[in-house]
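Peer 1:
Number of protein chains: 2
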Amino acid sequence: MVNSLFRALSHPIRREIVERLAAGPATVGEVSGDFAVSKPAISKHLKVLEESGVLSRVIDGRTHVLSLETEALAEATEWMVRQRAIWTRLFDVVEDHLREEQG
Amino acid sequence: MVNSLFRALSHPIRREIVERLAAGPATVGEVSGDFAVSKPAISKHLKVLEESGVLSRVIDGRTHVLSLETEALAEATEWMVRQRAIWTRLFDVVEDHLREEQG
DNA sequence: GGTACAGTTCACCAAATGGTTAACAGTTTG
DNA sequence: CAAACTGTTAACCATTTGGTGAACTGTACC
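The structure is reproduced here in structure tokens:
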């Protein structure tokens with residue numbers, strides 16, 4: 004759902020977590036160490052990201068290894084790109100119109 | 004700021020407003036008519052979108068005409084596309100690795 | 001078995017969010 | 001000028017969000 008995806012990306016810490024995981028999988032502790040908030044806070048952010056499908060976790064013993072789920076993020080990207088395509092096309096129409104008027 | 008941009012796009016009504024305005028400028032009343040919430044609620048959504056730079060308004064008499072601000076939205080799109088590029092590259096590396104192992 | 005470790009869940013809190021109705025400000029029009 | 005119209009602001013409310021410290025669950029290790 005594109006809905007929960009945008010929600011998930013609306014918090015700066017969650018976007019930073021995404022950027023962190025874009026460099027490769029990491030454990031909860033590693034991710035947590037990068038931020039000035041408590042572990043429970045990070046745990047909640049991770050839950051939001053997981054429920055929206057942005058990341059997945061594999062439990063290995065007592066550590067949880069987090070990885071990005073690229074397919075889910077592609078959905079939100081597509082919305083953005085599709086919107087941009089519409090705006091761009093519209094913008095071109097306006098530009099053409101102006102050019103015609105001046106020419 | 005990419006921060007307020009994602010925040011602005013995190014609410015379904017606000018994304019629908021963006022989609023509506025992608026088809027061309029509209030007044031507050033026209034936009035408001037499309038949704039099952041009160042006008043003050045829409046007014047607040049419009050304020051969020053305006054403050055994040057997603058749209059601009061021109062006051063014409065007693066009506067406000069709203070237009071999309073494509074540059075602002077491009078910022079958020081770029082973040083998404085940049086992220087996707089990183090994931091894709093990473094994914095390719097993994098694929099290459101698998102191909103190598105099998106070959 | 002006992003202790004350290006990784007991580008989540010619980011109980012709580014303050015602030016932000018999203019909605020409402022009522023009142024307001026400015027513009028148009030009879 | 002008065003009434004109608006467009007839109008915002010104000011005051012209020014319930015819910016969600018994002019954070020905390022403390023307690024808990026499960027794994028690793030001596």
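Residue numbers (this note's numbering), protein chains in the order written: chain A, 4 to 106; chain B, 4 to 106. Where is the CB? At the ideal position from N, CA and C, for every residue including glycine.
#1: Which residues bound the alpha helix (DSSP H) around Val34(A)?
#2: Please classify Met4(B): is it buried, with 16 or more other beta-carbons within 10 angstroms of its beta-carbon, or exposed?
#3: Starting from Ser70(A) and walking both ways along the beta strand (DSSP E), at which residues does that stretch end?
#4: With a threshold of 7 Å on Cβ separation, who are the neighbours of Arg60(A) within its own chain once the five nearest residues in sequence on each side are excluded?
#5: What does DSSP give as the partner residues of Gly60(A) in its beta bridges?
#6: Does DSSP classify Pro28(A) as helix, strand or coil?
#7: Within the 9 Å Cβ cut-off, does Phe38(B) reach chain A?
#8: With H, G and I counted as helix, E and B as strand and the rest as coil, what does DSSP make of His14(B)?
#9: Please decide whether Val21(A) counts as near chain B, where near means a Cβ-Cβ distance under 9 Å.
#10: Quick check: the stretch 5-16 of chain A against the stretch 74-85 of chain A, are there 3 or more CB pairs under 8 Å?
#11: Along chain A, which residues have their Cβ under 9 Å away from the Cβ of Leu76(B)?
#12: From what residue to what residue does the alpha helix (DSSP H) around Ala44(A) run?
#13: In whole angstroms, what separates the C-alpha of Asp37(A) from that of Gly27(B)?
#14: Quick one: which chain A residues come within Cβ less than 7 Å of Arg65(B)?
#15: By Cβ distance, which residues of its chain are closer than 8 Å to Ala29(B), with the 5 residues on each side in sequence left out?
#16: For Ser41(B), does the count of other Cβ atoms within 10 angstroms reach 16, so buried, or fall short, so exposed?
#17: Cβ of Thr30(B) less than 9 Å from any chain A Cβ?
#18: Helix, strand or coil for Ala39(A)? Go by DSSP, reduced to three states.
#19: Compare the C-beta of Arg10(A) against all C-beta atoms of chain B and say whether one is closer than 9 Å.
Peer 2: Taking the definition as stated:
#1: Here residue 34(A) refers to the residue found at position 31 of the first sequence. Here the alpha helix (DSSP H) through Val34(A) covers Val31 to Gly36.
#2: For the purposes of this step, residue 4(B) is taken as residue 1 along the second sequence, with counting starting at 1. Around the beta carbon of Met4(B), fewer than 16 other beta carbons sit within 10 angstroms, so the residue counts as exposed.
#3: In the first sequence, the residue the question calls residue 70(A) occupies position 67. Element bounds for Ser70(A): Thr66 to Leu71.
#4: Translated into the one-based positions of the first sequence, residue 60(A) becomes position 57. So the qualifying residues of the chain are Glu53, His67, Val68 and Leu69.
#5: Numbered from its first residue, the first sequence carries residue 60(A) at position 57. According to the sequence displayed, residue 60(A) carries Arg and not Gly. Partner residues in the beta bridge of Arg60(A), as assigned by DSSP, are Leu69(A).
#6: Counted from its first residue, the first sequence places residue 28(A) at position 25. Residue state, collapsed to three classes: coil.
#7: As a first step, residue 38(B) is located in the second sequence; it is residue number 35 there, counting from the start. Not an interface residue.
#8: For the purposes of this step, residue 14(B) is identified with residue 11 of the second sequence, where counting begins at 1. Three-state DSSP puts His14(B) in coil, outside helix and strand.
#9: Walking along the first sequence from the start, residue 21(A) turns up at place 18. Interface residue, yes.
#10: yes
#11: The count along the second sequence starts at 1 and reaches residue 76(B) at position 73. What Leu76(B) touches in chain A: Met83, Gln86, Arg87 and Trp90.
#12: Numbered from 1 along the first sequence, position 41 holds the residue referred to as residue 44(A). From DSSP, the alpha helix (DSSP H) with Ala44(A) extends over Lys42 to Glu54.
#13: For the purposes of this step, residue 37(A) is identified with residue 34 of the first sequence, where counting begins at 1. For the purposes of this step, residue 27(B) is identified with residue 24 of the second sequence, where counting begins at 1. About 43 Å.
#14: Here residue 65(B) is taken as the residue at index 62 of the second sequence, counted from 1. None at all; the shortest Cβ gap to chain A is about 26 Å.
#15: Position 26 of the second sequence, counted from the start, is the residue given in the question as residue 29(B). Answer for Ala29(B): Arg23, Val68 and Leu69, listed in chain order.
#16: Sequence index remark: in the second sequence, residue 41(B) carries index 38 (1-based). Exposed, since its Cβ has fewer than 16 Cβ neighbours within 10 Å.
#17: To locate residue 30(B), count along the second sequence from 1; it is residue 27. No, Thr30(B) does not count as interfacial toward chain A.
#18: In the first sequence, residue 39(A) corresponds to position 36, counting from 1. Coil, per DSSP.
#19: Against the first sequence, residue 10(A) aligns to sequence position 7. Judged by the 9 Å Cβ criterion, Arg10(A) is in contact with chain B.
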